[in-house]
Amino acid sequence: MGDAIDLLCRADNPASQKYHRAYTSIPTIDNADPGPCVVVAFFHLLLDVPQASPLPNRFLGYLLGNGLPFVLVPMVEAYRYKGKQHWLLSWPTFWLLMTQVATMGFVLPVYFLLALMTRGQGGGCSEDDKYTVSGEKKVEALTFGLAIGAGLPSLAMIYLNDAFATWIWQFYPILVVSLRYVYLHFRSKNTNTNSAISQHKTPKILRVLYLTCFLVASLTHGFFVWPLIRRGKFRSMYDLLVPLPVSALDTMVHPSILVHNFLKWDYALSAASTLIAMLWSAGSVEQVGYMILWYALAIPVLGPGAACMGVLVWQNLM
Numbered sequence: 001m002g003d004a005i006d007l008l009c010r011a012d013n014p015a016s017q018k019y020h021r022a023y024t025s026i027p028t029i030d031n032a033d034p035g036p037c038v039v040v041a042f043f044h045l046l047l048d049v050p051q052a053s054p055l056p057n058r059f060l061g062y063l064l065g066n067g068l069p070f071v072l073v074p075m076v077e078a079y080r081y082k083g084k085q086h087w088l089l090s091w092p093t094f095w096l097l098m099t100q101v102a103t104m105g106f107v108l109p110v111y112f113l114l115a116l117m118t119r120g121q122g123g124g125c126s127e128d129d130k131y132t133v134s135g136e137k138k139v140e141a142l143t144f145g146l147a148i149g150a151g152l153p154s155l156a157m158i159y160l161n162d163a164f165a166t167w168i169w170q171f172y173p174i175l176v177v178s179l180r181y182v183y184l185h186f187r188s189k190n191t192n193t194n195s196a197i198s199q200h201k202t203p204k205i206l207r208v209l210y211l212t213c214f215l216v217a218s219l220t221h222g223f224f225v226w227p228l229i230r231r232g233k234f235r236s237m238y239d240l241l242v243p244l245p246v247s248a249l250d251t252m253v254h255p256s257i258l259v260h261n262f263l264k265w266d267y268a269l270s271a272a273s274t275l276i277a278m279l280w281s282a283g284s285v286e287q288v289g290y291m292i293l294w295y296a297l298a299i300p301v302l303g304p305g306a307a308c309m310g311v312l313v314w315q316n317l318m
């Protein structure tokens, strides 16, 4: 995989012209090794996969749709528990940028481990007082930032299949927080953005955000997985979703297969860490049992992302 990426970024390789661009207009950065080209080429091994092997390309679309809840959780939790958690957890942009650098499969387990180990230490608040919903305008701002700052770049990367679009997507966490602040700036001219909402009331826009993410995740799973089940292509479904040990892969396979397997492991680790960590939010052993039952039913039918989002909907909207 590394050799294939290096080949795509070699200046003397005609194929590298598609990925070797002036991304920053700073030659020392654009021509660095490793530099922007390496990051872009990694994703384009999936986007530019041969038509005879479409599964790697399809998995990237699946990852962006069904993996949306795993981006939402750090964002919402950081603002919802603002000032009532460990200070490191109050910077979701940092954590999401780290997922771009060090992968979700590594960063999210660290994030949730820190969250569980420091539970309730942020402000010395009681367990009953830990839940605080931000002002409705702040939730609107976060929704706007996620939709425009994360949603549009993701769609652009998939459908435009352009190196610049792929490069811009790498910085979606910065786009999300920037658009959030822009939204709050203009809204604050006419309304009070700092008004808090009772801890027993969930803002309507948060309901919309949660339900939309649940629908996106479940529909993505249905779009990519259920047609394979209906046609009896269980081997294709297995190849699409199930990660394999590196030793089980033929060293002569197309590099896109190696990238695909890497991202499958990345997604599996991030999904497992999120779903397991959410068990600690249960209020009783009985609720833990219900959550495990929900996982067992929802993951095959709706996908891990929708299973995660279903728990959030149940906890906050029901």
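In the UniProt record's numbering, the protein residues as written are 1 to 318.
For glycine and all other residues, C-beta sits at the position ideal for the given N, C-alpha and C.
Pair within 8 angstroms by beta-carbon distance, residue i and residue j
i, j, result
"L60", "L72", "no"
"L269", "P54", "no"
"V313", "L219", "no"
"L275", "P304", "yes"
"R187", "K233", "no"
"G145", "V176", "yes"
"L68", "A217", "yes"
"L240", "F262", "no"
"M104", "D266", "yes"
"A163", "V259", "no"
"I306", "A296", "Note that residue 306 is Ala in the sequence shown here, rather than Ile. For A306 and A296, no; Cβs fall outside 8 angstroms."
"S256", "P56", "yes"
"V311", "M278", "yes"
Cβ-heavy atom distance, residue i to the ligand GTP, below 7 angstroms
i, result
"K233", "By its list of ligands, the structure shown contains no ligand whatsoever, and the ligand GTP lies outside what it can speak to."
Counted within 10 angstroms of its Cβ, other Cβ atoms place residue i as buried (16 or more) or exposed
i, result
"Y19", "buried"
"N13", "exposed"
"G124", "Unreliable positioning characterises G124 in this predicted model, as indicated by a pLDDT of 46, which lies under 50. The coordinate reading is nonetheless provided below. When all chains shown are included, G124 counts as exposed."
"E286", "exposed"
"V253", "exposed"
"G65", "buried"
"A143", "The amino acid at residue 143 is misidentified as Ala; the sequence shows Thr. Under this definition T143 is a buried residue."
"S25", "exposed"
"K264", "buried"
Residue span of the alpha helix (DSSP H) that contains residue i, given as start and end
i, result
"H260", "255-278"
"I205", "204-224"
"P50", "Run containing P50: none; DSSP gives neither H nor E here."
"L240", "234-241"
"L96", "92-102"
"L160", "152-160"
"L184", "172-187"
"W167", "163-169"
"G145", "136-145"
- prompt: Any chance the region 171-188 sits against the region 94-106, with 3 or more Cβ pairs inside 8 angstroms?
  reply: yes
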